[in-house]
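Shown next, in structure tokens, is the structure this report addresses.
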Amino acid sequence: MITVRISFEKKNEASYISLLDLQRVMQRILKRSGLPVWHTLGFNPHIYMTFACPLSLGQESECECVDVKTEAENPDFAQWQTALNAIMPAGIHITHVGPVQMKADLIAYACYEITYPAAAAAVLDQYNALDSAPVEKHGKKGNKIIELKEHIPQVDYTVEGENVRIFLCLPASQQLNLNPSLLTGFLEAKFGLPAVNAGILRKKFLTEDKQLFA
-15 MITVRISFEK KNEASYISLL DLQRVMQRIL KRSGLPVWHT LGFNPHIYMT FACPLSLGQE
45 SECECVDVKT EAENPDFAQW QTALNAIMPA GIHITHVGPV QMKADLIAYA CYEITYPAAA
105 AAVLDQYNAL DSAPVEKHGK KGNKIIELKE HIPQVDYTVE GENVRIFLCL PASQQLNLNP
165 SLLTGFLEAK FGLPAVNAGI LRKKFLTEDK QLFA
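Oh and the sequence shown: position 50 is 34 in the working numbering, straight run, nothing missing.
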């Protein structure tokens, strides 16, 4: 049995597909493709799938992945990619298919690009001047206060024409997972910068030693 990692981009209208709906989409696409994916056993068999670090609704990504299993001895991964892309919904594009190299629990950081209108630069300078930026993080085990300055002491950005681009890496491990919406929400609450104006794109995952996750 081979574990296969299907890497894909999720952009534009597809950013509004929730994780639950994405699971349904992938189940249907894999069944429709006719690829030799393995199904779980039991009374209600279904395609085995594991997603790494589910993406928040409304955010885009260039580094999503789902793991499936196959009993095929020599799968043609290029053919898998072609077959899947031919029937993928708009906004989802398969970028790579291959055997799993790293387990998902090795992911320690997620790197993002956040885009704002150029006028946001002044607000980002105000954030950088702060000594403290506490935010409330909601979780299954309850809410807790996170000090953003411990994880984002400075917001690095560039002004490109009419836009400001922010680049940051945040913890994305099983122990601590911080969403960039914590920053955009803080900037709105503290300085009145509308979070809805922020375009959030996940660019890549990194391991604990800052190696590219693949």
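All residues carry an ideal CB built from backbone N, CA and C; glycine is no exception.
Quick one: which unbroken beta strand (DSSP E) runs of 3-plus residues sit fully inside the region 25 to 71? Chain order, please.
44 to 54, all fully within the region 25 to 71.
Kindly give me the distance between the Cβ atoms of K121 and L166, rounded to whole angstroms, as I take these residues to be in contact under 8 Å.
Translated into positions along the sequence shown, residue 121 becomes position 137. Translated into positions along the sequence shown, residue 166 becomes position 182. That belief holds up - the Cβ atoms of K121 and L166 are roughly 6 Å apart, short of 8 Å.
Can you list the beta strand (DSSP E) stretches of 3 or more residues lying completely in the region 110 to 168, in chain order?
118 to 123, 126 to 131, 141 to 144, 147 to 155
Taking C-alpha atoms, which residue in K53, L41, E46 lies nearest to M33?
Looking up residue 33 in the sequence shown gives position 49. For the residues K53, L41, E46, the minimum Cα distance to M33 belongs to K53.
Hey, would you say Y100 sits closer than 9 Å to A156, going by beta carbons?
By 1-based counting over the sequence shown, the position of residue 100 is 116. By 1-based counting over the sequence shown, the position of residue 156 is 172. Cβ distance not < 9 Å, so Y100 and A156 don't count as in contact.
Would you call the region 176 to 193 and the region 74 to 85 touching, i.e. three or more CB-CB distances under 8 Å?
no
Could you tell me the distance, in whole angstroms, from the CA atom of I130 to the CA atom of L90?
For this step, residue 130 is matched to residue 146 along the sequence shown. For this step, residue 90 is matched to residue 106 along the sequence shown. Taking C-alpha positions only, I130 is separated from L90 by approximately 23 Å.
Going by C-alpha distance, which of Q63, E97, Q7 is nearest V148?
Here residue 148 is taken as the residue at index 164 of the sequence shown, counted from 1. With distances taken between Cα atoms, V148 lies closest to E97.
Under 9 Å between the Cβ atoms of V21 and I76?
Here residue 21 is taken as the residue at index 37 of the sequence shown, counted from 1. Here residue 76 is taken as the residue at index 92 of the sequence shown, counted from 1. Not closer than 9 Å, so no.
Taking the alpha carbon of E134 as the reference point, which residue from D109, P29, C153 has its own alpha carbon closest?
Numbered from its first residue, the sequence shown carries residue 134 at position 150. Nearest option by C-alpha distance: C153.
Looking at the unbroken beta strand (DSSP E) that takes in V84, where does it start and where does it end?
On the sequence shown, residue 84 is found 100 positions in, with the first residue counted as 1. First-last for V84: undefined, no H or E at that position.
Buried or exposed: where does V(-12) fall if 16 or more other Cβ atoms within 10 Å of its Cβ makes it buried?
In the sequence shown, residue -12 corresponds to position 4, counting from 1. V(-12) is buried by the Cβ-count criterion.
Where does the unbroken beta strand (DSSP E) through K(-5) begin, and where does it stop?
To locate residue -5, count along the sequence shown from 1; it is residue 11. That residue, K(-5), is in no beta strand (DSSP E); it is neither H nor E in DSSP.
Only counting the same chain, and skipping five residues up and downstream in sequence, which positions put a Cβ closer than 6 Å to that of Q11?
Along the sequence shown, read from residue 1 onward, the residue named residue 11 stands at position 27. For Q11, where only same-chain residues beyond five positions count, the Cβ hits under 6 Å are I31.
So, at 8 Å on beta carbons, what are the nonlocal neighbours of V139 in its own chain, with the 5 sequence-adjacent residues on each side left out?
Sequence index remark: in the sequence shown, residue 139 carries index 155 (1-based). Excluding sequence neighbours, V139 sits near L108, Y111, N112, I150, L152, L167.
How many Å lie between L132 and G18 at the Cα?
Residue mapping note: residue 132 aligns to position 148 of the sequence shown, counting from 1. Residue mapping note: residue 18 aligns to position 34 of the sequence shown, counting from 1. Taking the straight line from one Cα to the other gives about 46 Å.
Using CA atoms only, rank isn't needed, just tell me which of A103, K128, A173, P118 is closest to T142.
As a position in the sequence shown, residue 142 is number 158, starting the count at 1. Checking every option, the nearest Cα to that of T142 belongs to A103.
Using CA coordinates, which residue listed in T66, C47, F175, K(-6) is at the minimum distance from A74?
The sequence position of residue 74 within the sequence shown is 90, counting from 1. Checked all of T66, C47, F175, K(-6); the closest Cα to A74 is K(-6).
Suppose contacts are defined by Cβ-Cβ distances below 9 Å. Is E55 in contact with I(-14) by that definition?
Against the sequence shown, residue 55 aligns to sequence position 71. Against the sequence shown, residue -14 aligns to sequence position 2. Yes, they are a contact pair.
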